[in-house]
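Chains as they are written, first to last, in the working numbering: chain A, 208 to 471; chain B, 366 to 737.
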């Protein structure tokens with residue numbers, strides 16, 4: 208057996224006559240960060256939704272811990288430890304850090320009909336967890352709306368890890384962040400992988416992906432252009448593939464052509 | 366890192382945690398506006414109507430009873446509003462529940478208790494219908510429950526006229542006497558205390574020596590009880606967290622496993638049941654049901670909830686606030702009779718109060734969510 212946490216083999220997804228994904232294969236290893244890169248419309252969103260159980264693939268197989276599985280709902284994926292942190296983060300800005308951290312999975316105390324939400328325990332876990340990633344939650348009952356974008360991202364990731372994620376799917380975690388905030392989040396992602404998680408990092412920012420990724424899968428028009436190990440791939444080559452290097456070359460040729468005809 | 370985590374463990378030594386005074390904590394609570402408003406209203410009437418008997422035992426019970434009736438529906442409306450939805454059918458539900466009690470009891474010979482239970486089961490059905498329609502269709506609850514407002518009011522009128530030939534159903538008073546459950550909605554509590562106070566000459570008496578205010582009306586106890594229960598629900602239970610989450614961000618909540626649909630449907634059932642409690646109190650108090658009962662009560666409930674700090678967009682608010690919103694409403698609507706002010710001005714006051722409350726609450730919310 209391999210040491211793959213999750214394997215996605217030849218995944219295809221069709222919407223009517225539209226081929227959204229075709230034969231996409233990805234393997235996620237323990238402690239590794241796999242970056243999924245692609246331009247707008249490359250099929251990243253469809254792929255994430257397929258990985259996280261929102262869509263069912265029309266072809267291909269999903270193998271978790273060596274066993275073939277079918278996700279009927281996001282809950283199934285979650286139960287197998289595959290947690291997705293979406294761009295909207297699933298945080299409610301009017302609610303407190305604690306209430307967000309435990310939203311849907313509140314710790315309880317007491318028994319029978321008198322079970323209550325153990326607010327004190329929740330508060331201490333939330334501030335401890337946030338403290339571990341270097342975010343000093345001054346008051347866990349403060350509203351999430353008061354936190355910075357990076358802090359919110361870290362809160363959402365930390366929540367996923369706390370609730371038993373083995374594989375983290377992160378959807379554009381740095382896209383809305385400034386340079387400093389983005390580096391805080393990326394540092395946290397590296398730390399999470401180092402602790403034994405598998406991470407799928409979805410982004411279109413090569414400068415964020417290249418420093419942290421162990422391997423890179425590039426998606427173009429619904430097809431995988433292959434997975435590359437970092438050692439076999441320079442940043443420039445990655446950038447070229449990402450931005451559709453061929454298209455840019457073609458564009459250059461065409462521009463020269465126009466230039467030439469204008470001169471004549 | 367180690368320094369940071371130390372500071373977390375040892376919170377009191379965290380230099381970044383300001384000592385926040387209790388006043389500051391209070392200032393950030395959603396119910397502050399309604400609390401302050403209640404104090405102002407009492408000071409105002411204390412000065413203007415302090416010697417008119419408004420604050421005698423009888424007068425106090427009077428305005429408390431009006432506040433309590435509204436409070437019962439306002440608290441349920443507040444929970445629903447925190448959950449991100451409206452229920453405009455509350456007023457019509459009051460009328461509908463009234464005839465659901467009166468017609469079976471008077472015309473079909475059902476025992477009163479069974480027609481009360483019948484009214485509550487109809488309320489669950491109506492609430493469920495509202496909820497499932499909103500959740501399944503994704504239409505704004507404003508529209509769905511507006512339709513229900515007309516449907517219920519129309520059905521109430523049509524059915525009552527069809528069965529009884531009129532629009533009122535009197536004659537319930539005799540049935541209350543020996544009913545096993547009617548006292549829950551109609552009995553006065555602490556009668557002994559009031560009689561004792563009367564015998565001491567501390568509260569006003571009738572000619573026959575019984576006190577003018579015979580006890581604390583059941584509706585007031587319902588109001589207080591529901592406030593405590595709803596606050597406990599919101600602050601201390603998992604379900605309460607789900608209410609905030611469903612109203613704050615429906616999709617986000619669903620993504621982390623909150624059963625948003627179920628929460629919303631149960632809240633709609635809550636408002637319909639609260640309307641039925643209101644109807645029980647009124648019908649058993651008056652001894653009759655009227656098809657026009659509860660007219661415009663849905664809007665008054667929303668005013669009370671909003672004055673109480675609930676956000677129209679959901680995800681924020683408090684049950685205590687709604688209870689105080691109802692207290693302001695009840696106090697002013699009764700107190701105005703004790704002043705020289707023409708009662709026609711009541712609605713002007715109501716509108717102005719709501720406007721001020723919304724502006725004030727908006728300011729509070731910004732303080733809370735933008736870290737000021």
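Backbone N, C-alpha and C fix where the C-beta goes; we use that ideal spot for every residue, glycine too.
Residue i, buried or exposed, once every other Cβ within 10 Å from all chains shown has been counted against 16
i	result
residue 575/B	exposed
residue 387/A	exposed
residue 647/B	buried
residue 460/B	buried
residue 220/A	buried
residue 380/A	buried
residue 472/B	exposed
residue 566/B	exposed
residue 661/B	exposed
residue 367/B	Any answer about residue 367/B is weak, because its pLDDT of 40 lies below 50 and its placement is not dependable; what the coordinates show is given next. Classification of residue 367/B: exposed, given that the 10 Å Cβ count is below 16.
residue 501/B	exposed
residue 614/B	buried
residue 222/A	exposed
residue 724/B	exposed
residue 403/A	exposed
residue 709/B	exposed
residue 521/B	buried
residue 385/A	exposed
residue 320/A	exposed
residue 336/A	buried
Separation of residue j from residue i, as counted between CA atoms
i	j	result
residue 426/B	residue 582/B	8 Å
residue 322/A	residue 359/A	29 Å
residue 542/B	residue 478/B	12 Å
residue 639/B	residue 364/A	41 Å
residue 728/B	residue 233/A	50 Å
residue 551/B	residue 580/B	11 Å
residue 445/A	residue 377/A	20 Å
residue 412/A	residue 244/A	8 Å
residue 301/A	residue 292/A	19 Å
residue 427/A	residue 434/A	12 Å
residue 509/B	residue 499/B	7 Å
residue 343/A	residue 435/B	44 Å
residue 590/B	residue 549/B	13 Å
residue 390/A	residue 400/A	15 Å
residue 408/B	residue 588/B	23 Å
residue 433/B	residue 699/B	13 Å
residue 524/A	residue 247/A	In the structure as shown, chain A starts at 208 and stops at 471, and residue 524/A therefore has no counterpart that could be examined.
residue 645/B	residue 525/B	17 Å
residue 410/A	residue 392/A	13 Å
residue 210/A	residue 437/A	18 Å
residue 572/B	residue 637/B	41 Å
residue 236/A	residue 282/A	22 Å
residue 332/A	residue 295/A	23 Å
Enclosing alpha helix (DSSP H) for residue i [first to last residue]
i	result
residue 629/B	625–651
residue 180/A	Here chain A covers residues 208 to 471 and nothing more, so residue 180/A does not appear.
residue 368/A	356–369
residue 495/B	477–502
residue 262/A	Counting along the chain, residue 262/A falls outside any alpha helix (DSSP H), and DSSP gives it neither H nor E.
residue 593/B	583–601
residue 449/A	442–449
residue 564/B	556–564
residue 619/B	615–620
Residue i: first and last residue of the uninterrupted beta strand (DSSP E) it sits in
i	result
residue 211/A	211–222
residue 708/B	It is not in any beta strand (DSSP E) - residue 708/B carries neither H nor E in the DSSP assignment.
residue 242/A	240–245
residue 431/A	430–436
residue 257/A	Note, residue 257/A: premise wrong, no beta strand (DSSP E); alpha helix (DSSP H) at 251–258.
residue 228/A	225–236
residue 374/A	374–378
residue 405/A	405–410
residue 425/A	422–427
The ligand MG heavy atom lying under 7 Å from the CB of residue i
i	result
residue 310/A	Absence of the ligand MG is noted for the structure shown, with no ligands found whatsoever.
At 4 residues or longer, what runs of the alpha helix (DSSP H) sit wholly inside the segment 525–554 of chain B? Counting whole runs of 4 or more residues, the segment 525–554 of chain B contains the alpha helix (DSSP H) stretches 538–541 and 548–551.
Just list the alpha helix (DSSP H) runs in the segment 402–465 of chain B, keeping only unbroken ones of 4 residues or longer that don't cross its boundaries, in chain order. Listed in chain order, the complete alpha helix (DSSP H) runs (minimum 4 residues) inside the segment 402–465 of chain B are 422–447.
Inter-stretch contact at 8 Å, needing at least 3 Cβ pairs: the segment 260–275 of chain A / the segment 304–318 of chain A: Not touching, per the Cβ criterion.
Three or more beta-carbon pairs under 8 Å between the segment 390–408 of chain B and the segment 717–731 of chain B, yes or no? Contact between the segment 390–408 of chain B and the segment 717–731 of chain B is present, because at least three Cβ pairs lie under 8 Å.
Does the structure place the segment 416–425 of chain A close enough to the segment 235–253 of chain A that three or more beta carbon pairs sit under 8 Å? Judged by Cβ distances under 8 Å, the segment 235–253 of chain A makes contact with the segment 416–425 of chain A, as three or more pairs qualify.
In the segment 264–351 of chain A, which residue ranges form an unbroken beta strand (DSSP E) of at least 3 residues, counting only runs that do not cross its ends? Here the runs fully enclosed are 266–271, 274–276 and 289–292.
Check whether the segment 669–684 of chain B and the segment 436–449 of chain B are in contact - that is, three or more C-beta pairs closer than 8 Å. The segment 669–684 of chain B, when compared against the segment 436–449 of chain B, does touch it at the 8 Å Cβ threshold.
When the Cβ atoms of the segment 663–678 of chain B are set against those of the segment 706–726 of chain B, are three or more pairs found closer than 8 Å? The count of Cβ pairs closer than 8 Å, one atom from the segment 663–678 of chain B and one from the segment 706–726 of chain B, reaches three, so the stretches are in contact.
Please go through the segment 670–707 of chain B and give each complete beta strand (DSSP E) segment of 3 or more residues, from N-terminal end onward. Taking only runs of at least 3 residues, no beta strand (DSSP E) segment lies wholly in the segment 670–707 of chain B.
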